[in-house]
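Below is one structure, written out as C-alpha cells, with a few remarks after it.
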Amino acid sequence: MFNKSCVLKENPVMDRLKVLHSTVDFSRLIKETGEVREIESPTGSIFVVDVYKSDEIGIVRSTSSKGSSMQPHEHDALEIIILYEGRMKLTFADKEVELNESRQTYYILPGIVHGAEFMEETKALGITVPLAY
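Here the sequence shown is numbered in numbering that gives the first Met the number 0, starting from 0 and rising by one per residue.
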C-alpha cells in the first residue's frame, strides 16, 4: 500500500520503485554494512545502520523498541519509509499516519517536519533521495 505525504507525479522512477517495492524481500536487507548508531529517544531505543550510502541515495535499516519515539525533525531530501515488521505512527503538524502492514510505504517531502512513535518493536527501511539528484 502506498501512502503519500504529497501527490507524486507518475514517472519511470516511481514506476520502478513500485515494481521494486512489490518484489524485494526487505527482511533480507538485514546485513550490517555500516556502524550501528543509536538515535536519541526519550522513551526507548532506536538503532540505525547504513545499508547503502552515496551522493544520490541513502538507505538505512532501523530497529525501534516498543514505546520508543523520534522527536520532530525534517530532512532536505525526499524520505521514503518502508515498514517491514511492527507498527509505527508518523506524526505531522496536521495529521498522524499509522503504518502497520509489511511493505507499507510512506513518502515525506523535503522540509516537512515529522516525528514517529513505535507501538511495538519495529523494523523499517528509510530511503533518502536528495533534491539535487
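Here a beta-carbon is modelled for each residue, glycine too, at the ideal position from N, C-alpha and C.
1. Just to confirm the assignment, what range does the beta strand (DSSP E) spanning D54 have?
2. Return the bridge partner residues of S61 from the DSSP annotation.
3. Check L130 in the structure and name its three-state DSSP category.
4. Grouping DSSP H, G and I as helix and E and B as strand, with all else coil, what is P71?
5. Taking 6 Å as the limit between beta carbons, can you name the residues of its chain near E84, skipping five residues before and five after?
6. So the candidates are E73, T42, G43 and R36; which of them puts its Cα closest to the Cα of D49?
7. In angstroms with no decimal places, state the Cα-to-Cα distance between D93 and S61.
8. Classify L130: buried if its beta carbon has 16 or more other beta carbons within 10 angstroms, exposed otherwise.
9. Could you spell out the range, first to last residue, of the beta strand (DSSP E) harbouring K94?
10. Once the 5 residues before and after F91 are set aside, which same chain residues still bring their CB inside 6 Å of it?
Per the coordinate set shown:
1. Numbered from its first residue, the sequence shown carries residue 54 at position 55. From DSSP, D54 is part of no beta strand (DSSP E); its letter is neither H nor E.
2. Residue mapping note: residue 61 aligns to position 62 of the sequence shown, counting from 1. V47 and A123.
3. The residue labelled residue 130 in the question sits at position 131 within the sequence shown. In the structure shown, L130 sits in coil (DSSP, three-state: anything other than H, G, I, E or B).
4. The count along the sequence shown starts at 1 and reaches residue 71 at position 72. Strand.
5. The sequence position of residue 84 within the sequence shown is 85, counting from 1. Closer than 6 Å at the Cβ level, and outside the excluded window around E84, lie K122.
6. For the purposes of this step, residue 49 is identified with residue 50 of the sequence shown, where counting begins at 1. The option with the nearest alpha carbon to D49 is R36.
7. Within the sequence shown, the letter at position 94 stands for residue 93. Within the sequence shown, the letter at position 62 stands for residue 61. Using only the alpha carbons, I get a separation of about 25 Å.
8. The residue you call residue 130 lines up with position 131 of the sequence shown. The residue is exposed, with fewer than 16 neighbouring Cβ atoms inside 10 Å.
9. In the sequence shown, the residue the question calls residue 94 occupies position 95. From DSSP, K94 is part of no beta strand (DSSP E); its letter is neither H nor E.
10. Numbered from 1 along the sequence shown, position 92 holds the residue referred to as residue 91. These residues qualify, in order along the chain: H113.
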